Amino acid sequence: MKNILKIYKRDMKSIVTNPIAIIVILALIFLPSLYAWFNIKSSWDPYSNTKGIAVAIVNNDIGSSFNEKEIHIGDEIIESLKTNEQMGWRFVDEKTAMDGVERGDYYASVIIPEDFSEKITSIINSKKIEKAKLNYYINEKLNAVAPKITSKGASSIQQEVTKNFIETVDGAILEAFNKIGEDLEEYRPKIGEFKSGIQELNDRMPEIKEKIDLVEKGIIKGEELTDSLQKNMPLIEETLNKGVELTNSFKDYSASTKENINSIAPTLKKDLQYSKTISDNINSLSGKLYELNASDEIQKVLNSLKNKSVVLRTMISNTKDIIDKINISNSPNLNILSELLGSKIKKLEQYENEIDSALVQIESGNQVAKETLDAINNISRDVSNGLEIAINDFDSKFLPEINSVADKIYDIASNSNVLAKEATSKIPDVKDLLNKISVIGEGGKEDVYKLQEKLPEVQVILKKLNDKINELDNAVDINELIRLLKTNPEEGKTFISSPVELEETSLFKIPNYGSAMAPFFTTLSLWVGGLILVSILSVEVPHEFKEKFKYYEIYFGKSLLFITISLLQALCVSLGDIYFLGTYTSNKTVFVLGSMFTGFIFMSIIYTFVSVFGSVGKVLGIIGLVIQLSASGGTFPIQVTPEFFQKVNPYLPFTYAIQLMREATGGVIWDVVRKDILILLIYVAISILIALVLKEPINKSSVKFVERFKESKLGEH
Numbered sequence: 001m002k003n004i005l006k007i008y009k010r011d012m013k014s015i016v017t018n019p020i021a022i023i024v025i026l027a028l029i030f031l032p033s034l035y036a037w038f039n040i041k042s043s044w045d046p047y048s049n050t051k052g053i054a055v056a057i058v059n060n061d062i063g064s065s066f067n068e069k070e071i072h073i074g075d076e077i078i079e080s081l082k083t084n085e086q087m088g089w090r091f092v093d094e095k096t097a098m099d100g101v102e103r104g105d106y107y108a109s110v111i112i113p114e115d116f117s118e119k120i121t122s123i124i125n126s127k128k129i130e131k132a133k134l135n136y137y138i139n140e141k142l143n144a145v146a147p148k149i150t151s152k153g154a155s156s157i158q159q160e161v162t163k164n165f166i167e168t169v170d171g172a173i174l175e176a177f178n179k180i181g182e183d184l185e186e187y188r189p190k191i192g193e194f195k196s197g198i199q200e201l202n203d204r205m206p207e208i209k210e211k212i213d214l215v216e217k218g219i220i221k222g223e224e225l226t227d228s229l230q231k232n233m234p235l236i237e238e239t240l241n242k243g244v245e246l247t248n249s250f251k252d253y254s255a256s257t258k259e260n261i262n263s264i265a266p267t268l269k270k271d272l273q274y275s276k277t278i279s280d281n282i283n284s285l286s287g288k289l290y291e292l293n294a295s296d297e298i299q300k301v302l303n304s305l306k307n308k309s310v311v312l313r314t315m316i317s318n319t320k321d322i323i324d325k326i327n328i329s330n331s332p333n334l335n336i337l338s339e340l341l342g343s344k345i346k347k348l349e350q351y352e353n354e355i356d357s358a359l360v361q362i363e364s365g366n367q368v369a370k371e372t373l374d375a376i377n378n379i380s381r382d383v384s385n386g387l388e389i390a391i392n393d394f395d396s397k398f399l400p401e402i403n404s405v406a407d408k409i410y411d412i413a414s415n416s417n418v419l420a421k422e423a424t425s426k427i428p429d430v431k432d433l434l435n436k437i438s439v440i441g442e443g444g445k446e447d448v449y450k451l452q453e454k455l456p457e458v459q460v461i462l463k464k465l466n467d468k469i470n471e472l473d474n475a476v477d478i479n480e481l482i483r484l485l486k487t488n489p490e491e492g493k494t495f496i497s498s499p500v501e502l503e504e505t506s507l508f509k510i511p512n513y514g515s516a517m518a519p520f521f522t523t524l525s526l527w528v529g530g531l532i533l534v535s536i537l538s539v540e541v542p543h544e545f546k547e548k549f550k551y552y553e554i555y556f557g558k559s560l561l562f563i564t565i566s567l568l569q570a571l572c573v574s575l576g577d578i579y580f581l582g583t584y585t586s587n588k589t590v591f592v593l594g595s596m597f598t599g600f601i602f603m604s605i606i607y608t609f610v611s612v613f614g615s616v617g618k619v620l621g622i623i624g625l626v627i628q629l630s631a632s633g634g635t636f637p638i639q640v641t642p643e644f645f646q647k648v649n650p651y652l653p654f655t656y657a658i659q660l661m662r663e664a665t666g667g668v669i670w671d672v673v674r675k676d677i678l679i680l681l682i683y684v685a686i687s688i689l690i691a692l693v694l695k696e697p698i699n700k701s702s703v704k705f706v707e708r709f710k711e712s713k714l715g716e717h
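Here full-length UniProt numbering is used: the first residue of the sequence shown is 1, the next is one more, and so on.
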């Protein structure tokens, strides 16, 4: 130990007594910081400055029409992009756009073709459905990353078009529903009047028939009958005319309702199928919870499951609301479907509560109880099975009921209309007979007989009409139907186009890209700093002192100087990250100490390479740098790299050093920090073991090799 410290003291004395040495050491301390700071600053917040990336937009769309309304989706896109600062949009003609992309004036161009609106509306205007296309041209030689950014911009245009189209088409459906509801609300008083009139006529018919019989028997005069009938005739005529008008309108309303209800049935099935896909994904992921051991991994999966559950619950709830809206005749099968979906909504609420319970257990430092995991798994399986039942029974049980709801209303309205017209057609004959009876008095027996024959026909029709009105009244709750159909079309369009809002919660929020990249560039700079040190400073004691020390004493004695400088490098770069650049760190102390610990680990590894293997060790250090740049997951997730890099990733010190620094930047999870520190210490232990075993034999055997190489005057002197 005495000789180890003696070597260290000699090195420190050589530095402090030599001004040039001090300058060199200060430069060595500061150089890695420059490497880190320039890289961090250059990538500070690139994705907020994408408005400088020029993208040409060309609108050749000539438009189309839907529901007697002109649609120019191309114009809507242009207007939307004018307020969109995601990219540097340039609105030009096609020739300018194509020439600009080729010359590099624009990174990309998006051309909206002439038939864009026409093809988009083909799903509703044409028997042949054609997908609309946006023509996207990209100059990939200008930059490696720009194509990815411009592609996102083009995708955002596509999403905006989809959203606007859904708002236009489904909005029209909602407007139609709303119009039907408003019309029905307008007719509601007339329906009441018509129903009362028919009921009153039915009540008076026995009295009228009795008087006709009395005239026929000669008990009363024809004039009395005529007076009585003439008093009732305006009521009969007005009521039946209203009936014809009303049933015509209600028949049209019923036809519209039937068409709209039948058109949404396929959409309901697709919604159920999509919900089932999400549910299956949740079920599969829930089952994997048993296989995970690390708390942080379980926590990530649980958070993902909760987000998926919220989306699924919202979708099922929307589907249930539509089922309830169209189930105006209280169909048993549709009630079953609604109850099934309602039970799954409650199950998902329970599922989310169980996940919250599991997260609380993890945050308390405990293992997730098996009972909780079982509950999570069982509920997800139950929801998936329930949706499968709904899908399997849809065509056989639920679809016919959806169709029959509209059919029933339409049939009643149609029959009522026919009966009202038939009753109205009898009125001229009745009025003609009344006039004759009034003129001839008691002598018009034949006309009285004819009236006896005609009036019962009207009476029968009126009774049938009254029965149909009552049937319609029993089949449909008019007030409830109006409430369901009337909606705000604008709110409805917005909801349908974006039924789910993503509520993002950043568990470990980092405000800018530069701060997020600081762990990688800081770690990288410390390895580079170590390579610079072994390139400038010697790992050996002067030749004249070499025989005084043992090999392990030289190894440990010289390592103290390298580690000291490395710690100062780490201190400089980490403090500069925080206070000079202003990078965000959730825990400054852990960030600085983590940097110094990383510097110690890296210097131990690199120093051992060079101390044991000489110049070959420097090559090993550079190889280590190259491999770790690609395989540490510092920039891209390691999962998106080729298989080789994924396999070597767990064995690289960069992997754990970067992870340690990320904990300090985003938010410390102490289990992760302890694991990273322990793994990094293993690299130091391996380095020391290699030095103790191999330094002496390799250094002795390489003396002549090194001397002969020096004679070439190509290496160190």
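The beta-carbon is built from N, C-alpha and C at its ideal position, and this holds for glycine as well.
Keep in mind the model is a prediction, meaning the values are calculated, not measured.
The three-state reading of DSSP puts glutamate 94 in helix, counting H, G and I together.
In the displayed model, tryptophan 37 falls within a helix according to three-state DSSP. Put simply, the backbone Cα of valine 58 is about 13 Å away from that of lysine 133. A direct Cα-to-Cα measurement between serine 630 and leucine 620 gives close to 16 Å. Contact between leucine 305 and serine 275 fails: their C-beta atoms lie close to 15 Å from each other, not under 8 Å.
Under the three-state reduction of DSSP, valine 539 is assigned to coil, being neither helix nor strand. Assignment of alanine 132 by DSSP, reduced to helix, strand and coil, places it in the coil class.
Tyrosine 106 counts as buried, since no fewer than 16 other beta carbons sit within 10 angstroms of its beta carbon. Between the stretch 603–611 and the stretch 558–567 there are three or more C-beta pairs closer than 8 Å, enough to call the two in contact. Considering only Ser317, Trp527, Ser109, the residue with the shortest C-alpha distance to isoleucine 627 is Trp527. Alanine 108: member of the beta strand (DSSP E) spanning 108–112, first to last residue. Taking each of Leu142, Lys647, Val110, Lys509 in turn and checking the Cα distance to tyrosine 136, the smallest one comes out for Val110. Just so you know, the alpha carbons of isoleucine 73 and aspartate 99 end up roughly 25 Å apart.
Three or more beta-carbon pairs separated by less than 8 Å are not found between the stretch 549–557 and the stretch 71–87, which leaves the two stretches without contact.
For isoleucine 510, there is no enclosing alpha helix (DSSP H), as DSSP marks it with neither H nor E.
In terms of Cα proximity to phenylalanine 398, the closest of Met517, Ile336, Leu571 is Ile336. Non-local beta-carbon contacts of isoleucine 355 in its own chain, meaning distances under 7 Å to residues more than five positions away in sequence, involve Leu302, Leu305, Lys306, Ile376 in chain order. Runs of the alpha helix (DSSP H) lying entirely within the stretch 585–637 and spanning at least 4 residues, in chain order: 588–613, 615–631. Rounded to the nearest angstrom, the Cβ distance from serine 566 to leucine 533 is 7 Å, consistent with a contact under 8 Å.
No residue range can be given for isoleucine 62, since it is assigned to no alpha helix (DSSP H) and is classified by DSSP as neither H nor E. The alpha-carbon of leucine 31 is positioned some 29 Å away from that of phenylalanine 645.
Per DSSP, the unbroken alpha helix (DSSP H) holding proline 697 starts and ends at 670–701.
As the crow flies, the alpha-carbon of isoleucine 40 is around 56 Å from that of lysine 325.
Contact between serine 615 and valine 539 does not hold, since their C-beta atoms are separated by about 11 Å, which reaches or exceeds 8 Å.
When rounded, the separation of the alpha-carbon atoms in serine 284 and serine 595 is 40 Å. Annotation for threonine 635: Met517, Phe520 place their beta carbon closer than 8 Å to its own, counting only its chain and skipping 5 residues before and after. Our two residues, alanine 21 and serine 14, have alpha carbons roughly 8 Å apart in a direct line. Under DSSP, the beta-bridge partners assigned to tryptophan 89 are Val55.
Annotation: glutamate 371 to isoleucine 29 spans about 55 Å, alpha carbon to alpha carbon. The straight-line gap separating the alpha-carbon atoms of alanine 56 and glutamate 140 is approximately 15 Å. DSSP places glutamate 70 in the strand class (E or B) of the three-state scheme. Residues Ile29 of the same chain have their beta carbon placed closer than 7 Å to that of leucine 568, with the five preceding and five following residues left out of the count. At a Cβ-Cβ threshold of 8 Å, isoleucine 282 and serine 380 count as neighbours. As a beta-bridge residue in DSSP terms, tyrosine 137 pairs with Ser109.
For the options Asn385, Ala390, Glu291, the alpha carbon positioned closest to that of serine 338 is the one of Ala390.
Here the C-alpha atom of phenylalanine 508 lies approximately 45 Å from the C-alpha atom of asparagine 60.
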